[in-house]
Structures are given as structure tokens and as C-alpha cells.
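I have placed the structure first, in the form of C-alpha cells, so that the comments after it can refer back to it.
Number of protein chains: 2
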Amino acid sequence: MVRPKQKEQHPDLENAIKEVARSQMIENGSASLSLRAIARALKITAPAIYNYFPSRDDLVTALIVDAYNSLGDALRLSQASLQKASDGERVFASARAYRNWALAHPEEYNLIFGTPIPNYHAPMEITGPAAAGNMSVLIGVLHNAWQDGVLKTEGVLRSTPNMIQAWINKFGYEGDPVVVQFAMASWSQIHGMLSLEINGHFAAVPDDVDVDDFFEVEIRAMLTRMGLEGE
Amino acid sequence: MVRPKQKEQHPDLENAIKEVARSQMIENGSASLSLRAIARALKITAPAIYNYFPSRDDLVTALIVDAYNSLGDALRLSQASLQKASDGERVFASARAYRNWALAHPEEYNLIFGTPIPNYHAPMEITGPAAAGNMSVLIGVLHNAWQDGVLKTEGVLRSTPNMIQAWINKFGYEGDPVVVQFAMASWSQIHGMLSLEINGHFAAVPDDVDVDDFFEVEIRAMLTRMGLEGE
DNA sequence: AAGTTAAATAAACACTGTATATATACAGTG
DNA sequence: CACTGTATATATACAGTGTTTATTTAACTT
């Protein structure tokens, strides 16, 4: 038999491939993603996957975009579930949501921000917008705080840093560049802690040490710096 | 010929292997490290490498330890070359040295802090002490600032975070835990920015956007928080 | 019913890390 | 010097990888 009857094959093979890829990533680490292993699990042959993804890299890119969207959903949910909260509380909630997602999906987090797949290089024209979409959640929260006039912006910037201006030029933002600066700084800080925590650089074993309170202290310091400590 | 004459072979094959591995990592990315490619370059066969490194992972571990030491040298050099500098200047210098090393050795930086080698997991009993040795440079600088009484420690910690206490228990530190907190926080922040910068998450192309002034603003904010803004 | 298209297979290529067995240059000893 | 043992390399083989090609056939179209 060369082509199976429609009844006998997966109804949505493209999604089935991604699901198996995800579960195998979680089980064996994202580095050991293997088209052949996916094919074995689905009882098809490896080249069949090429009907849905032109190459292994395109599959990886699809997984990355899915991961970005999953993270973005978590961030938006953290805001949507907040009613009449202060600006500080909103930032805190988004920071916690970011971390909780990362701890719940470490392989996918590394897939996005690390380089776990040999010789894979993310095509920024695809992943860039997905990333910016998530960034804009944090920017949105800080933008509201700025509009509320509670953001401590005095003396932060002598002039707009190149990278901040480049981001604004590319993805657009109407408002004080210091809002983007704060967003990028907060993102960097949170990402730095998570990257070190997830990859076990804070302790011998990743789950060995509880980093919760360290994280809380630093988010609080972040809020203090931005003038949002009232929480 | 099964075994080459001593005159015809590399005088220090172990180091030659590491050097070729490093240069190939730099050229093709650390993910494409290949024992066979190394062997080809050295005109030996792949299994010969096993006489010097029990497995590919042991070679990677050796490269990681070398990278840690190289980074550590850069950090220590940044301090040794400073005479009669303020505590703030010393922190600033170590932050700049850290970033400069990372930008000059991006593949080695990812080798240390990312997971670029498929299915490789760093043995923390070896890499842990190497990492702690570098961390202690930053802790040392902040410890001096604390002893000078200029570190703004009031109200930072309600109690010592678990992760900070665990680090102190493991690697030892006599002094205020807030010094370690500040060191870990600064490290996280710097690492976060570098990880995003090096892996191109700040822009489409890694070298596309100048992140220097963004970095400076954030280090300055870091110093302000710790009470070292006098520089 | 015939022709076309789409989705799978089978086989092969060039790689990879690693294990095993084998050959030989060199060092140490009688 | 001759003999032996060990260290260091090779040769070969195995199981795995992503990918390409040609082939087959189910399903759709006319």
C-alpha cells in the first residue's frame, strides 16, 4: 500500500505532526526533535512530513510561532482576568504570568529564546512579529501607567537609545520612548532570571531551588524603579 | 600505517582538538560541532579523539570550562586594571567587561548559557564551581562596596530568598545576603540583555542594531538602585 | 470511464556519534 | 640488544539523522 485510505489516516496530519513533535520535545528535550521519530510515532514515513512542512526547520518555525502565541495568550489572560487593578498590579501580574508560562513550558521557552535545534536559525520575518505581539502586551500595560502619569520617567533617558528607536521605527509606538525602554528593560530582567533558572544556572538541579521569592524581590525592585511600587 | 610516527603527529593533540573545535564552532555555529569534522581537519580519524576525550560531551564540557575561565580572566582583568576607582566604577567596569567578552565570543557564551549541543547536559559538579568562580568576582566588588558602607541595602529583603541562601550554603559567603542578592540580580539583568542581544531578539539581525546606549542606561539604573550612582 | 493530481512509500545518499577489533610505534625491562 | 606491554592510532561497522528521488496508488475532476 502506498497511499492509505482516507479513513485510515490522521484527519489533520499537519496538527498531529506538531502535537507529536511538541510531546517528544517535552519528553526528550527539544534538541532531540527528529522527523523520523515523529514519523514512527504516527506510523508514517519521514518523507511524508515533507508534504506538510518543506523542511525540518519549517516545522520548528511553526512550533516557535505556536509557542509565541501560547505565551501571548497567557500574558493577555493575566490582564483580562484583572478588574480595577493598579498599574503596578498589572505589571506584576504580567511578570508572574510570563514566568509561570516559562516554568510550565521550559522546552518551548528554550525553543523560542535559545538555540536548541542544531543549525536552525529562526527566520525573523516570521518570528519577529510574533515576538513583537507579545512585547506589546507589556508595552500596553506600561503605556497605561504612563498615561495615568504614575510612571517615573524623569532623568531616565538623556536621549533615546538606538535599539529603542529601532524598535519603535519597526513596530510603531506613539508615546514616550521611555515606556519602551522600561518594557525592554523589564523583559530583559525577567528573561535573564528565567533563562538562568530554567537552565539550572542558579542551582545544581533546575527544580532543586525555589526561586519564587528571589523573583518577587526583583519584580518589586523593578516596580520601584518605574514608580509603580504602590502595587 | 596504523600509528603515525611521533614526529609526524601533533605535539599536543588534546589542545589541538580543542582549538579546532573552537574555531569550527565560531565558523559554523556551536551546534555543528562534529568529531568527524574535527578529525578531518586534523587528518586523523574520529575515534582517535576518544583517546583524549571519553565522549563528545566530555569535549564539550572541556570547552565550557575553558570558556568560563576565559570569561573569568576578562572579569578579573577589568578589575586589576582599575586603580583608585569608586565602587560604582568597578561595577560598571565588570559589567562592560562581561558584555564585551560575550559580544566577542557569542558562540562560547551560548555554549555556557544556552543548550546549543543536542542532548548535551552540562555536569554541574564540573561547571558549577567554574561558574561560581566568576560570580565571586562580581560578589567581591559588591562586597567591597558594602564594606565601604555605600550599598543601599535597607528594605531590599524582608527575608533571605531561598535561592540566595542556597547559593551561600553551597559556595560560602560571609556578609550581608543582600550583597549576593544584588550580584544575582545584576547578573540576571546583564545576562538577560546579552542573551537577547546575541540571539537577535532585539532586532532582525544581531549586529544590526547598536545596543550600547541601552545597556549603559540599564547598568546606570542598576547602580542607582544599589546606591552606587556616584560612579 | 479516463485522466490528473495529491499523498504516501521505498530506496538511497551523505552525514552523525560511538563501539569493537586490530595494528603498530614507543617505553621499559631482562 | 631482544622481548614484552602499553599507548595511540586506524579500519570497520552500527544505528541514527535530514533530505532527495522515483514510484505507486487513492481520490478528485472532467
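Quick mapping for you: the protein sequence lines, in order, are chains A and B.
All residue numbers for the first sequence refer to the numbering used here, where the first residue is -11 and numbers rise by one.
All residue numbers for the second sequence refer to the numbering used here, where the first residue is -11 and numbers rise by one.
The beta carbon of each residue, even a glycine, is placed where N, CA and C say it ideally should be.
Sequence-distant residues of its chain with Cβ nearer than 6 Å to residue i (five each side left out)
i	result
residue 48(A)	105, 108
residue 166(B)	141, 144, 145
residue 44(A)	23
residue 53(B)	118
residue 152(A)	165, 168, 169
residue -11(A)	Because residue -11(A) sits at a pLDDT of 47, beneath the cut-off of 50, its placement in the model cannot be relied upon, and the following sentence gives the value as read from the coordinates. Answer for residue -11(A): no residue qualifies.
residue 217(B)	211
Residue i vs residue j beta-carbon contact at 7 Å
i	j	result
residue 171(A)	residue 206(B)	no
residue 125(A)	residue 63(A)	yes
residue 197(B)	residue 9(A)	no
residue 159(B)	residue 133(B)	no
residue 83(B)	residue 178(B)	yes
residue 116(A)	residue 180(B)	no
residue 70(B)	residue 81(B)	yes
residue 201(B)	residue 149(A)	yes
residue 17(A)	residue 102(B)	no
Beta-carbon contacts of residue i that lie in its chain and below 8 Å, excluding the five residues immediately before and after
i	result
residue 122(B)	56, 59, 60, 63
residue 37(B)	5, 23, 26, 27, 47
residue 19(B)	104, 105, 106
residue 212(A)	none
residue 175(A)	123, 126
residue 50(B)	6, 41
C-beta neighbour in chain A for residue i, strict 7 Å
i	result
residue -5(B)	Residue placement at residue -5(B) is flagged as unreliable, the pLDDT there being 49, under the threshold of 50; a coordinate-derived value is accordingly withheld.
residue 219(B)	Confidence is the limiting factor: at residue 219(B) the pLDDT is only 49, short of 50, which leaves the residue's position unreliable and the question unanswerable from this model.
residue 130(B)	no
residue 163(B)	no
residue 111(B)	no
residue 170(B)	no
residue 102(B)	yes
residue 173(B)	yes
residue 66(B)	no
residue 154(B)	yes
Any chain B beta carbon closer than 7 Å to residue i
i	result
residue 179(A)	yes
residue 88(A)	no
residue 107(A)	yes
residue 149(A)	yes
residue 85(A)	no
Closer than 6 Å: residue i CB and nearest the ligand FMN heavy atom
i	result
residue 47(A)	As presented, the structure is devoid of all ligands, the ligand FMN included, so that no description of it is given.
Cβ neighbours of residue i in the same chain (closer than 7 Å, five flanking residues each side left out)
i	result
residue 161(B)	127, 168
residue 215(B)	138, 139, 140
Count the C-beta pairs between the segment 91 to 101 of chain A and the segment 9 to 19 of chain A that are closer than 8 Å, then say yes if the count reaches three, no if not. yes
Using 8 Å as the Cβ pair cut-off and three pairs as the minimum, do the segment 175 to 192 of chain B and the segment -4 to 9 of chain B touch? no
For the segment 155 to 166 of chain A against the segment 131 to 139 of chain A, do three or more pairs of beta-carbon atoms, one drawn from each stretch, fall closer than 8 Å, so that the two count as touching? Counting Cβ pairs under 8 Å, three or more are found: they touch.
Using Cβ-Cβ distances below 7 Å, what residues of the segment 6 to 40 of chain B are close to chain A? Result list: 17, 19, 20.
Using a beta-carbon distance cut-off of less than 9 Å, what residues from the segment 69 to 82 of chain A approach chain B? none
Short of 8 Å Cβ to Cβ, which residues in the segment 38 to 57 of chain B face chain A? none
Along the segment 181 to 213 of chain B, where does the CB come closer than 7 Å to a CB of chain A? Name the residues. 181, 183, 184, 187, 188, 189, 190, 191, 192, 197, 198, 199, 201, 202, 205, 206, 209, 213
If you measure beta-carbon to beta-carbon, which residues of the segment 119 to 145 of chain B are closer than 9 Å to chain A? 119, 144, 145
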